[in-house]
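Asker: Offset between the sequence shown (1-based) and our numbering: plus 1.
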Amino acid sequence: MSQDMIVPISAVVSRIKTIVSNIEVHKVWIQGEVSNLTKHRSGHYYFSIKDNYAELSCVMFSSYVNKLTFSLEEGMKVLVKGSLNVYEQRGNLQLYVRTIKQDGMGELFLEFEKRKEMLFKQGYFEDSHKTIKPDFIENIGLITAKEGAALHDVMSTIQRRWPMLKVTLYPAYVQGSFAPSSLIKQLKKADQNDHDAILIVRGGGSFEDLFCFNDVELVKTIYNAKTYIVSGVGHEVDTTLCDLVSDHRSVTPTAAAQWVTNDQYDVLNEIQNKQDLLINQMRHILDVNQTRYLNISANPYMQDPKLWIKQKQLALENLESRLDKHKEMFSNQQNLIEELKKSMYHAFDQKLINASHYREDKHKEMIHAIELYHMVVKKHLKENESLLDAYSPLKVLTRGYSITNNNEHVIRSVNEVNEGDMIFTRLSDGTITSKIIKKEKQNG
Numbered sequence: 002m003s004q005d006m007i008v009p010i011s012a013v014v015s016r017i018k019t020i021v022s023n024i025e026v027h028k029v030w031i032q033g034e035v036s037n038l039t040k041h042r043s044g045h046y047y048f049s050i051k052d053n054y055a056e057l058s059c060v061m062f063s064s065y066v067n068k069l070t071f072s073l074e075e076g077m078k079v080l081v082k083g084s085l086n087v088y089e090q091r092g093n094l095q096l097y098v099r100t101i102k103q104d105g106m107g108e109l110f111l112e113f114e115k116r117k118e119m120l121f122k123q124g125y126f127e128d129s130h131k132t133i134k135p136d137f138i139e140n141i142g143l144i145t146a147k148e149g150a151a152l153h154d155v156m157s158t159i160q161r162r163w164p165m166l167k168v169t170l171y172p173a174y175v176q177g178s179f180a181p182s183s184l185i186k187q188l189k190k191a192d193q194n195d196h197d198a199i200l201i202v203r204g205g206g207s208f209e210d211l212f213c214f215n216d217v218e219l220v221k222t223i224y225n226a227k228t229y230i231v232s233g234v235g236h237e238v239d240t241t242l243c244d245l246v247s248d249h250r251s252v253t254p255t256a257a258a259q260w261v262t263n264d265q266y267d268v269l270n271e272i273q274n275k276q277d278l279l280i281n282q283m284r285h286i287l288d289v290n291q292t293r294y295l296n297i298s299a300n301p302y303m304q305d306p307k308l309w310i311k312q313k314q315l316a317l318e319n320l321e322s323r324l325d326k327h328k329e330m331f332s333n334q335q336n337l338i339e340e341l342k343k344s345m346y347h348a349f350d351q352k353l354i355n356a357s358h359y360r361e362d363k364h365k366e367m368i369h370a371i372e373l374y375h376m377v378v379k380k381h382l383k384e385n386e387s388l389l390d391a392y393s394p395l396k397v398l399t400r401g402y403s404i405t406n407n408n409e410h411v412i413r414s415v416n417e418v419n420e421g422d423m424i425f426t427r428l429s430d431g432t433i434t435s436k437i438i439k440k441e442k443q444n445g
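(1) Please state the DSSP three-state secondary structure of E127.
(2) Mind reading off the beta-carbon distance from G233 to T253? Whole number of angstroms is fine, and I expect it under 8 Å.
(3) When DSSP labels each residue in this structure, what does Y47 get in the three-state scheme?
(4) Using C-beta distances below 6 Å, list every residue in its chain close to T39, excluding the 5 sequence neighbours before and after it, in chain order.
(5) So if DSSP puts L57 in a beta bridge, which residue, or which two residues, is it bridged to?
(6) What are the start and end residues of the beta strand (DSSP E) that includes L170?
(7) Judging by CA-CA distance, which residue of Q193, P164, I437 and E209 is the nearest neighbour of V175?
(8) When burial is assigned at 16 or more other CB atoms within 10 Å of the CB, is P135 buried or exposed?
(9) Is L428 close to chain B, meaning its C-beta is less than 7 Å from at least one C-beta of that chain?
(10) Give me the Cβ distance between V79 and D104, rounded to the nearest whole Å; I'm assuming they're in contact under 8 Å.
(11) So T145 packs on V81, CB below 8 Å; how close in whole Å?
(12) How would you label Q95, buried or exposed, when you count the other beta carbons within 10 angstroms and need 16 or more for buried?
(13) Going by DSSP in three states, H196 sits in which element: helix, strand or coil?
(14) Considering only their Cβ atoms, is the gap separating V98 from C59 smaller than 7 Å?
(15) Closer than 7 Å by C-beta to H347: which residues in its own chain qualify, once you throw out the five before and the five after it? Chain order, please.
(16) From M2 to V8, what distance separates their C-alpha atoms?
(17) Could you pull out every unbroken alpha helix (DSSP H) segment of at least 4 residues lying fully inside the region 71-144, listed in chain order?
(18) Unbroken beta strand (DSSP E) runs of length 3 or more, entirely within the region 195-266: which are they?
(19) Would you mind working out which of S36, V155 and G206 sits nearest E56, comparing C-alpha positions?
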């Protein structure tokens, strides 16, 4: 009985690596979509290439990344070249990418983003420019292919919801190179025909199929249209530049038709509700007015209007009489006020005259008193002057007397000086400076 060979996993993986590395995939372009992209700080790119059926891990070293002429992004359709290898530690199959170029659809997506950014910066997608939905839509223009699912979906929706809506079809190409000019031509034509709204619709398709709705001139034509524009292109996942510039974007042609129509059954129910409300309000108004009529009819004045008029005339005459009395009272009061004013003016004038005389008398009395006071003061000053002159030390000096001091105080006794001191004698006409040679004290 033979035994199975036992080999380590490393040997198996190494063998697989040798086989894989000999596969000449570098001679073909591998097509796929970029997924799980990681741009490492070292400059290396790690990502996967996938389609609907398979996925392959990829590595692109920084030396090759630096040669790229575009920015690799998640979801981008690309064509890659490189060599296969196995990462032994994990047993992962990897493609070491040397060259990448954008696939046709990838280039189309980049063109879409480029146009979108340009038009956004130029203000074509501003909400402030968009037209408000009309309150009543009775007449629409429909721009789509004359044979297609979109036309059928729109018309069947209108027929079901609001069959009285008037629809004018403007057939146009909705795919291919002729589509942009065809759509622009029909849009300009529809915009001149006074529709309440214009629908631009197309059924689902690939990104490439719908690319005609990303035409720059078509976007500008929608922007400049005077009519309310509704776009309904593709499915909910599809977004075109026409969707962004239109006044309203619906996710499908059916949704676009629903947007511009009312449901006739909802409208009928609303009309019925309004009718019921109106009838109830009319009944309420009739009841209120009937009650008012009965109340007015019961009024005795309404039964005999002449009596009412006569009573009002009597009341008016009474008011006129009272008014005359008040006029007379007012006139008397006016006369009284005039008399009081005259009396006040006269009394004021007399008081003013008396006050003036009184002021003059007081002024004369004051002047007389001041003059008398001045004479008394002057006499008193002369008397004091004579008295001061009689007692003045200087006056005494003129009679032969003198005053002696030591430059500090008046000397009144010989005890206040010593021999050799300097003394100063004041006479009536000057001062004598002396030196004491001898002093003698007299008793008694």
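Using N, Cα and C, we set each Cβ at its ideal position, and we do this for glycine too.
Answerer: So, from the data block:
(1) coil
(2) 6 Å
(3) strand
(4) Y47
(5) I50
(6) K167 to P172
(7) E209
(8) For P135, the number of other beta carbons within 10 angstroms of its own is below 16, and it is reported as exposed.
(9) Protein chain content of the structure displayed is limited to a single chain, and chain B is not contained in it.
(10) With 8 Å as the limit, V79 and D104 qualify as a contact, their Cβ atoms being about 6 Å apart.
(11) The pair is not a contact, with the Cβ atoms about 39 Å apart (cut-off 8 Å).
(12) buried
(13) coil
(14) yes
(15) none
(16) Model confidence at M2 stands at a pLDDT of 44, short of 50, so the residue's coordinates are unreliable; what they give is reported in the following sentence. Each residue's Cα considered, the two are about 19 Å apart.
(17) 105-122
(18) Listed in chain order, the complete beta strand (DSSP E) runs (minimum 3 residues) inside the region 195-266 are 198-203 and 230-234.
(19) Nearest of S36, V155 and G206 to E56, Cα basis: S36.
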